[in-house]
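Chemist: Each residue of the first sequence is one higher than the last, beginning at 342 in this note's numbering.
Cβ coordinates follow ideal geometry from the N, Cα and C atoms, glycine included.
Here's a structure for you.
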Amino acid sequence: MNAESWLSVLNPEQYAAVTHEGSPLLILAGAGSGKTRVITTKIAWLIAERNVEPESILAVTFTNKAAREMAERATRMEPRSSRSMLRTFHSFGAWLLRRNAALAGLDSNFTIYDDDDAVTLLGKALPALTRQQVSACVHKISRAKDYCLSPDNPLLAEIDPDPEFADVYRLYEKRLRETGNLDFGDLILLPVKLLRENPELQSRIASRFRVVMVDEYQDSNVAQFEFLKAITGPETYLCVVGDDDQSIYRFRGAEVRNILSFADIFPGTQVIRLERNYRSVSSILSVASEVVSRNEGRLGKTLIAERGEGKRPVLTFLGNQDEEAAFCAELVLAAHKKGCPYEDWAILYRMNAQSLGFETEFLHRKIPYKVVGSLKFYEREEIKDALSFLAFVANGRDEVAFRRIVNKPTRGLGEVTQDKIVDEARRILFESAGQSGGEFNFDEKTDFLSASRRLLDTLSKKAKTGLSEFINIVETLRKLLGESAQPGENPDLVETVSGKTTEEQPENLIADRRKARKKGAVGLAVFVERLVEASGLLAYHQGQDEIAGTQRVANLQELVNAASLYSLDRSGLTEFLEHIELDRSMANEEENPDSVTLITIHNTKGLEFRRVVITGLEAGVFPREDKQGDDLEEERRLMYVGCTRAMDELYLTSCAARRLYGRTAFMEPSRFLSEMNAGNLEILGRAPRAFLSRAAAAGRIAESSAGRIAAGDSPRQTVSDGLSERWKPGRKLFHDDYGYGIIAKAFYAEEELVIMVKFETGGEKRFMPKYQAKSLLLVEE
DNA sequence: GACAGTGAAATTTTT
DNA sequence: TTTCACTGTC
């Protein structure tokens, strides 16, 4: 394939975006507008047609998946693209820090702490706080880092005005530095600091990367924006691509303002809009646009459907979540009978908890499905154990890892002994830091293993035996790994391009893994296999498998297999750990490819399906309760993202009642439904009056048609199910939560009996006796 | 240090 | 309802 042919398939706006040069460029790419094609073509075009050195191109994304896809597609067009740096923000930050570890004052063997690890670490430093309080602190610290705020920054008050928070943040930083490890925020923050403090390195980086591109720019946070500024110079060609309407990670620090004000911050910015949508039929785009157009803070785009009008989206009102699940199952089965594969379908929901009902129903009806995002392979206990052991071998000062594995399986080393060892190691670390002007000296003498050795004789016999055992295991494993040269000490390495690491050739990963499995353990897998065995973790989890019938040994084997691509030495181990920490997605090889996808709306970003059902469109669920202002706008964008995943058919469901936290609650339809033009929807089921009146008030449907669609909460003829005999107006009853009350009204809605109860406390509530028999008790008079 | 029992809480989560 | 952290007992 040549440049001529890739350019010929572009529309005029895409072409302009690909061939644009000479000023900063903001590409506003609507959903399904061929954004990835533009980025990859641009990379290929720069190399092939403009003779840009592949090494001087940097393209950053947010997910590994997107980075892989970008690399794959660009390389297919122009093989030299494989030499460009196509990474996630975090992976790029890690790359920079690893290669300049000494300059950054870091241990080159640093591993990366996830949020759980951070909570454990801070929890140890602040024993007076409950776990929940610690989690809240870690969360706020993480936000602070997203906004590029150090503990001394007065703006920290925006996150938490309590001056104590800054102290907690400072303490956390101190303890984290002592471990020699980094958290996710540091992977962005520390490179910024490094580049600011080392102008020479900064100019080297800025001159190396002549072209910098950012994908999904609407999801960048302040720190990432600062990072971007730090790696670019006046000569850099900066091109960002994004869609302000798809910014859905505000709660994690994403700053829509980055994209909204890009053109103001980078003078001379040219803006190109990609508004032609190649994914969805126009009737789907209409309702998506109607909702998102109500947002105030947006740059504004109008999607133009390149496909036909298609089928109108179907809005179905259902009685409760069981009916909703059954409705989805029937949709899927009916389509399947007509030849539509299961994989064409995706069931979307706002919260993971909603997946359960669909799983049960689909299991029951034998519909193959997969739940995206709930796998969490790396969060399993056995995997975290093994990874902690690996991390400890790599970095003997990793406090969290040490505490996790030193007494697993139990070796008689309780918390008291652990504290002693940690304190001893810190004492030595401070001593040596004192001698070398405050800089931490990360050598063998200051790690937990040598601290353990020193303390051996002060311990009880039981603890002594256990600790010696532990020391032996780690020493044996370290020997097996060999004392290879430590990478990352040489700042000049930044000039070289590593094209050999596995993460840059991910397309071969799974195939290689399969091959490796057949041959038995190879590479680092040999080491991981030995570690799992020698640590006693294998035996321990084998025991757990036998008790609980779990799959822990199999999971550990999976981890061993995953290590086979890395070299059997220290740098191989570091690479392996970094890869796992930064890319938690695991291709599940066994799953049936022809299955329905159950997924949260957040997780669908970047995906597309022929047929999509967005479920739970009820006030309080979606949008979530108490969402207003900017938060409500974000929920609306989420709705927009959900709708625009659908290519051919979109279904929306809304329930009149829903079991939430073990209690049945009455639901009102989501406001997003009345923000759509009802004329653009096909409405099934009985529409609640609230929906109809709101839609009518908004001019969405005529009053007359509101009358024709039977209102669901209007009294209907009595259905004889015996219930109405017992739950009669005037009867006294007792409710678990609200106490005594009197039935004020009884009527049928959704063919179920509904009673209105006035409580002695003054409140008024509606219930469905059929579902709430347990918490409602009739009082005999 | 393991385990059963209790009580409170309950989004979304690229890295 | 389910989950998970915390508590007290052995």
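(1) Out of curiosity, what's the CA-to-CA distance linking G641 and G884?
(2) Taking the CB atoms as reference points, tell me whether D487 and V563 lie closer together than 8 angstroms.
(3) Using the rule of at least 16 other Cβ atoms within 10 Å of the residue's Cβ for burial, across every protein chain shown, is V555 buried or exposed?
(4) Quick one: residues in its chain with C-beta nearer than 8 angstroms to the C-beta of L754, no 5 flanking neighbours on either side, listed in chain order?
(5) Can you have a look at I1141 and say buried or exposed, based on whether 16 or more other CB atoms are within 10 angstroms of its CB?
(6) Which residue's Cα is closest to the Cα of A385: T360, V741, E785, P1070?
(7) Thinking D924 and R952 are a contact (beta carbons under 8 angstroms), I'd like their distance in whole angstroms, please.
(8) Starting from K711, trace the alpha helix (DSSP H) both ways and give me its first and last residue.
(9) So for I1084, helix, strand or coil by DSSP?
(10) Check the C-beta distance from M1109 over to L1119 and give it rounded, since I have them as a contact under 8 angstroms.
(11) Tell me whether D458 is buried or exposed, calling it buried when 16 or more other Cβ atoms sit within 10 Å of its Cβ.
(12) Compare the Cα-Cα distances from K383 to each of G373, M411, A443, T402 and report the closest residue.
(13) Specify the secondary structure class of W347 as computed by DSSP and reduced to three states.
(14) Report all residues from its chain with a CB closer than 6 angstroms to the CB of Y578; omit the five preceding and five following residues, and keep chain order.
(15) Using a 10 Å radius around the Cβ and a threshold of 16 neighbouring Cβ atoms, would you call L704 buried or exposed?
(16) What is the C-beta distance between A866 and N896, in whole angstroms, given that I count them as a contact (C-beta under 8 angstroms)?
(17) Give the secondary structure of W436 by DSSP, where H, G and I count as helix, E and B as strand, and everything else as coil.
(18) Roughly how many angstroms separate the alpha carbons of R706 and A998, rounded to a whole number?
(19) Out of G594, A466, E576, R549, which one is the CA nearest neighbour of I529?
(20) In the DSSP assignment, the beta strand (DSSP E) including A987 goes from what residue to what residue?
(21) So, do the region 936-952 and the region 682-695 have three or more beta carbon pairs nearer to each other than 8 angstroms?
(22) Evaluate Y590 with the Cβ neighbour count: other Cβ atoms within 10 Å of its Cβ, from every protein chain shown; 16 or more gives buried, anything less gives exposed.
(23) Spell out a yes or no on whether the region 446-453 and the region 517-524 are touching, meaning 3 or more CB-CB pairs, one atom from each, closer than 8 angstroms.
(24) Can you tell me where the alpha helix (DSSP H) holding M411 begins and where it ends?
(25) Using a threshold of 8 angstroms, state whether the C-beta atoms of G371 and E616 are closer than that.
(26) Do three or more CB pairs link the region 789-805 to the region 755-767 at distances below 8 angstroms?
(27) Let me know the alpha helix (DSSP H) ranges lying completely inside the region 690-739, each 4 residues or longer, listed in chain order.
(28) Which full runs of the beta strand (DSSP E) of 3+ residues lie inside the region 894-963, going along the chain?
(29) With DSSP as the reference, identify every bridge partner of F658, one or two as the case may be.
(30) Figure out for me which residue from V894, S422, C996 has the closest Cα to the Cα of C669.
(31) Quick one: grab the DSSP three-state call for E647.
(32) With 16 as the cutoff for other CB atoms within 10 Å, does S825 come out buried or exposed?
(33) Along the chain, where does the beta strand (DSSP E) containing A469 start, and where does it finish?
(34) Determine the extent of the beta strand (DSSP E) in which Q611 is found, giving its start and end residues.
(35) Looking at the secondary structure, which residues open and close the beta strand (DSSP E) in which F868 lies?
(36) Candidates G877, V869, E922, S908: which alpha carbon is nearest E899's?
Modeler: The short version:
(1) Their backbone Cα atoms lie some 59 angstroms apart in a straight line.
(2) Yes, they are a contact pair.
(3) With 16 or more Cβ atoms within 10 Å of its Cβ, V555 is classed as buried.
(4) By the criterion of a C-beta distance shorter than 8 angstroms, L754 is surrounded in its chain by V747, N748, A804, G807, L808, F811, once the five residues flanking it on both sides are discounted.
(5) The first residue shown for the chain is 342 and the last is 1122, placing residue 1141 beyond what the model contains.
(6) Of the candidates T360, V741, E785, P1070, T360 places its Cα closest to the Cα of A385.
(7) Rounded, the Cβ-Cβ distance is 29 angstroms, inconsistent with contact.
(8) For K711, no alpha helix (DSSP H) encloses it; the enclosing beta strand (DSSP E) starts and ends at 710-712.
(9) Strand at I1084.
(10) No, M1109 and L1119 are not in contact; Cβ-Cβ is about 15 angstroms, not under 8 angstroms.
(11) Under this definition D458 is a buried residue.
(12) Comparing Cα positions, the closest option is M411.
(13) Note: W347 maps to helix in three-state DSSP.
(14) So the list reads V552, once near-sequence residues are dropped.
(15) With fewer than 16 Cβ atoms within 10 Å of its Cβ, L704 is classed as exposed.
(16) Wrong, their Cβ atoms sit about 15 angstroms apart, outside the cutoff.
(17) Under the three-state reduction of DSSP, W436 is assigned to helix.
(18) If I take the Cα positions, the gap works out to 23 angstroms.
(19) For I529, the nearest C-alpha among the options comes from G594.
(20) Start and end: 987-996.
(21) They touch, by the three-pair rule.
(22) By the neighbour-count criterion, in which 16 or more other beta carbons inside 10 Å mark a residue as buried, Y590 falls on the buried side.
(23) Between the region 446-453 and the region 517-524 there are three or more inter-stretch CB-CB distances shorter than 8 angstroms, so the stretches are counted as touching.
(24) Element bounds for M411: 405-418.
(25) Cβ atoms of G371 and E616: closer than 8 angstroms.
(26) Three or more beta-carbon pairs separated by less than 8 angstroms link the region 789-805 to the region 755-767, which places the two stretches in contact.
(27) Listed in chain order, the complete alpha helix (DSSP H) runs (minimum 4 residues) inside the region 690-739 are 696-705, 722-735.
(28) Every beta strand (DSSP E) of 3 residues or more that sits fully in the region 894-963 is shown, in chain order, as 937-941, 950-955.
(29) In DSSP, F658 forms a bridge with S995.
(30) Per the Cα distances, C996.
(31) Looking at E647 - three-state DSSP - the assignment turns out to be coil, as it is neither helix nor strand.
(32) Its pLDDT being 43, under 50, S825 is placed unreliably by the model, and the measurement read from it follows with that caveat. Taking every protein chain shown into account, the CB of S825 has fewer than 16 other CB atoms within 10 angstroms, so this residue is exposed.
(33) For A469, there is no enclosing beta strand (DSSP E), since its DSSP letter is neither H nor E.
(34) Start and end: 611-615.
(35) Careful: F868 lies outside any beta strand (DSSP E), inside the alpha helix (DSSP H) at 865-875.
(36) With distances taken between Cα atoms, E899 lies closest to V869.
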